[in-house]
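Numbering (the working numbering), first residue to last: 1 to 109.
Every residue gets a Cβ at the ideal spot worked out from N, C-alpha and C, and that includes glycine.
See structure below.
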């Protein structure tokens, strides 16, 4: 038996990966799928974390891996927005550089 997954639809509405609510391990699984899809289907990855209330270690690990993959492929990778809670957590873990969140720069639009 073979399992075949269909590719996500690369419509303009799906071009930005949105993080909202609490970034738990379960959320990280979906985030990983979205990041792989972005890497495979587009030349850039945009992440909107403006509605993130909290972020766990699994989500941070996925974001680190996604950033590294984008760099290795020469794809653009950026945050278009980040909530204060998300930014505070990332900065307190000293992972801003690793995930591509620019410290001191307002990334909200």
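Going by the beta-carbon positions, is the gap between residue 79 and residue 52 smaller than 8 Å? no
Pick from 22, 93 and 65 that is closest to residue 49, judged by C-alpha positions: 22
With a cut-off of 8 Å on the beta carbons, I'd call residue 89 and residue 44 a contact; round off their distance for me. With a Cβ gap of about 24 Å, residue 89 and residue 44 do not count as contacting.
Going by DSSP in three states, residue 19 sits in which element: helix, strand or coil? strand
Residue 51 (DSSP reduced to helix, strand or coil): strand
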